Amino acid sequence: MLAVSRVEKHNPLKSGAIAQKRAALKGETSGRVTEIKELTFDTVREDAIQYGLATDVTYQINAGKEASIFLAQWRGHHIILKAYRLWQSSHKMSKKKGYIAQGTSKRTHFILGMMEDLAVMEYDYLMNCFRAGVHVPTPIGRVGNYLTMRFIGDGAQPAPQLKDVHLENPEKVLDQILDDYLLMYSKAHYVHGDLSKYNILWWQERPWIIDVPQAVIVNKWSNMVRVEKLLMRDIRNVLRHFEDYDIYRDPEHILEVFLSEYIPENLKNYRELRSEGIELL
Ligand SMILES: Nc1ncnc2c1ncn2[C@@H]1O[C@H](COP(=O)(O)OP(=O)(O)O)[C@@H](O)[C@H]1O
Ligand SMILES: [Mg+2]
10 MLAVSRVEKH NPLKSGAIAQ KRAALKGETS GRVTEIKELT FDTVREDAIQ YGLATDVTYQ
70 INAGKEASIF LAQWRGHHII LKAYRLWQSS HKMSKKKGYI AQGTSKRTHF ILGMMEDLAV
130 MEYDYLMNCF RAGVHVPTPI GRVGNYLTMR FIGDGAQPAP QLKDVHLENP EKVLDQILDD
190 YLLMYSKAHY VHGDLSKYNI LWWQERPWII DVPQAVIVNK WSNMVRVEKL LMRDIRNVLR
250 HFEDYDIYRD PEHILEVFLS EYIPENLKNY RELRSEGIEL L
């Protein structure tokens, strides 16, 4: 695996100090911005095999902002390999402020460390959701900034996203999604944060929730006002998709069901405090 300092040193796209200043003067970029590129398919494959996470890596499915997703093999079984990285597809980070992670808003100068943290977090989120009984891809392993999880799909074909399937029984599917999300919230204590027809796969006649890295933990330190907003946004996103099937449900009511199932003990009266003008956190 490449250490970030090495990537920077050998990065042919990183301009010299004078060129950076010139660009900054032109308003193109800040003088302190570094561009990091790298991480090839072969590197990922070598790493994954060397770390014992996969016996082979087949192809890249997707490249998100902070992670790339690969179809991999474990002794003939398909699995998903996720590589957190910042050195592919041109990322900018400020040398002064460091890099600020999308999901967590955490700030760091130690990028590889943060990429590892993100992989750890996603592994934990998936494991806790799985243990709570939520239909998510089961996490399998994690080494450094790589993690593996169960492959949702048949053959080498990933299961379709909810947006691409026509449901025979949409009422039931909506119930299944809301039930799963309620488990995620009330038992695992997470708000998904990006639940939508894109992050729900349709497989084996039921919905599967994926893409959890931006999930927010709900605990005694949480800002419940923010939690409520995120929950509401997720619920509305899901409901919007089902309006295409002429199914209309009240998002306010669903939100109340969620909140009646779980609010951290010390925050139970957050709404009263708020109406009295007391800001929580
Ligand atoms: N466990 C999985 N099994 C099968 N396909 C997956 C799995 N995880 C992700 N994918 C595929 O990769 C795509 C992107 O994954 P996702 O986690 O939503 O990342 P992002 O949206 O951040 O790029 C999904 O739409 C799906 O097609
Ligand atoms: Mg997604």
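Residue numbers (the working numbering): 10 to 290.
Glycine is no exception: its CB is placed at the ideal position from the N, C-alpha and C atoms.
Predicted model, so just to flag it, every value in this text is computed and none were measured.
- LEU95 sits in coil when the DSSP states are folded into three classes, being neither helix nor strand.
- In terms of Cα proximity to ILE219, the closest of ARG54, LEU240, LEU171 is LEU171.
- Nearest neighbour of ARG215 by Cα position, chosen from ASP65, MET136, VAL145, LEU127, turns out to be VAL145.
- Residue SER195 holds the alpha-carbon nearest to the alpha-carbon of VAL236 among SER195, TYR257, ARG258.
- Here the alpha carbons of LEU204 and ARG280 stand approximately 25 Å from one another.
- Per DSSP, ILE263 lies in no beta strand (DSSP E); the unbroken alpha helix (DSSP H) holding it starts and ends at 260 to 270.
- Counting of Cβ neighbours within 10 angstroms places SER231 among the buried residues, the total reaching 16 or more.
- Taking the Cα of GLY150 as reference, the smallest distance to any Cα among MET136, ALA72, VAL143 is reached at MET136.
- Within its own chain, the residues whose Cβ lies closer than 7 Å to the Cβ of MET124, once the five positions on either side in sequence are excluded, are TYR93, ARG94, LEU95, ASN154, listed in chain order.
- Fewer than three pairs of CB atoms, one per stretch, sit closer than 8 Å, so the stretch 259 to 268 makes no contact with the stretch 222 to 229.
- Counting the other Cβ atoms within 10 Å of the Cβ of ASN71 gives fewer than 16, which makes it exposed.
- In the structure shown, ARG235 falls within a helical segment according to DSSP collapsed to helix, strand and coil.
- Bounds of any alpha helix (DSSP H) do not take in ASP253, whose DSSP letter is neither H nor E.
- Of the candidates GLU274, ASN208, HIS250, the residue whose Cα lies closest to the Cα of GLY73 is ASN208.
- When the Cα atoms are used, HIS198 and TRP83 turn out to be separated by approximately 31 Å.
- A direct Cα-Cα distance of roughly 18 Å separates PRO148 from LEU192.
- Each residue's CA atom was taken as its position, placing LEU240 and LEU62 some 34 Å apart.
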